[in-house]
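Undergrad: Take a look at this one; I'll ask things after.
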Amino acid sequence: MSAPGERASPNEQRRRVPPSSAPPSSASPGIGSRSWVNLPEPNEPIRVELIDDAVADLVQYAATGNLSLFLKKLIRLEEVGKEAGLPLGRGLIGWRKIVVGDRNWRIVFAVNRGETVATVWVIGDRDDAACYEEAERRVRNLGADQPHAASLAAVMFQMSQQRRATKRR
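Numbering of the sequence shown is given in the numbering used here, commencing with residue 54 and proceeding in unit increments.
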């Protein structure tokens, strides 16, 4: 911690909060201030579900050894909600994508109106927008309302059980 009169380091600045006796005002000091730092508003965690086809996509990538890359992004989606992804256009307006790896793969998902559930529809290669076309195809075939989906936790558990069973053989 810096001594009085010294400039605080960036890490110390981020940890500072406003004094509890004075509520933050719209004219609160900026980033360099000692008394107040603009912290991002915390997002409510949301439930992440994967439709059956997306589970199959994830299993396919688990076989390549890239599972941890996808799980990190899915867990981030669970923690911060729709802000984990970028908006899509064309036939998928209202949907979002998450970039995985070195811009190699995409996770395509939709969030319900209450922003309490994110449903993953596609986990796929970025090549020639194939994952977006696949998402549109799956929506046409399954309907956008309520396809069967499993929670991220259930999918992770199921995959760990399958991996354990494979090792026993």
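Yeah, the Cβ is synthetic: ideal placement off N, Cα and C, and Gly gets one too.
Please identify the residue among 100, 162 and 204 whose C-alpha is closest to the C-alpha of residue 132.
TA: 100
Undergrad: Would you check if the distance between the CB atom of residue 161 and the CB atom of residue 175 is smaller than 8 angstroms?
TA: Between residue 161 and residue 175, the gap from beta carbon to beta carbon is short of 8 angstroms.
Undergrad: May I ask you to report which of helix, strand or coil DSSP gives residue 206?
TA: helix
Undergrad: Determine contact between the segment 208-219 and the segment 131-151, defined as no fewer than three beta-carbon pairs at a distance below 8 angstroms.
TA: no
Undergrad: So, with DSSP's three-state summary, where would you put residue 169?
TA: coil
Undergrad: Give me the residue from 136, 106 and 184 with the minimum Cα distance to residue 208.
TA: 106
Undergrad: Determine the contact status of residue 111 and residue 122, defining contact as a CB-CB distance below 8 angstroms.
TA: no
Undergrad: For my contact list, residue 158 and residue 179 are in at a C-beta cut-off of 8 angstroms; report their separation, rounded to the angstrom.
TA: 6 angstroms
Undergrad: Enumerated in chain order, which unbroken segments of the beta strand (DSSP E) with a length of 3 residues or greater are wholly contained in the segment 132-200?
TA: Runs of the beta strand (DSSP E) inside the segment 132-200: 149-153, 158-164 and 170-178.
Undergrad: Per DSSP, what kind of secondary structure is residue 104 in: helix, strand or coil?
TA: The three-state secondary structure of residue 104, taken from DSSP, is strand.
Undergrad: In or out: residue 172 buried (at least 16 other Cβ within 10 Å) or exposed?
TA: buried
Undergrad: With distances taken from CA atoms, which of 212, 205 and 213 is nearest residue 2?
TA: The structure shown does not extend to residue 2, since the chain is modelled only from 54 through 222, so no value can be given for it.
Undergrad: For residue 138 and residue 151, which I take to be in contact (beta-carbon distance under 8 angstroms), what is that distance rounded to the nearest angstrom?
TA: About 5 angstroms separates the Cβ atoms of residue 138 and residue 151, confirming a contact at the 8 angstroms cut-off.
Undergrad: Can you name, in chain order, every residue of its own chain whose Cβ lies under 7 angstroms from the Cβ of residue 200, other than the five neighbours on each side?
TA: 104
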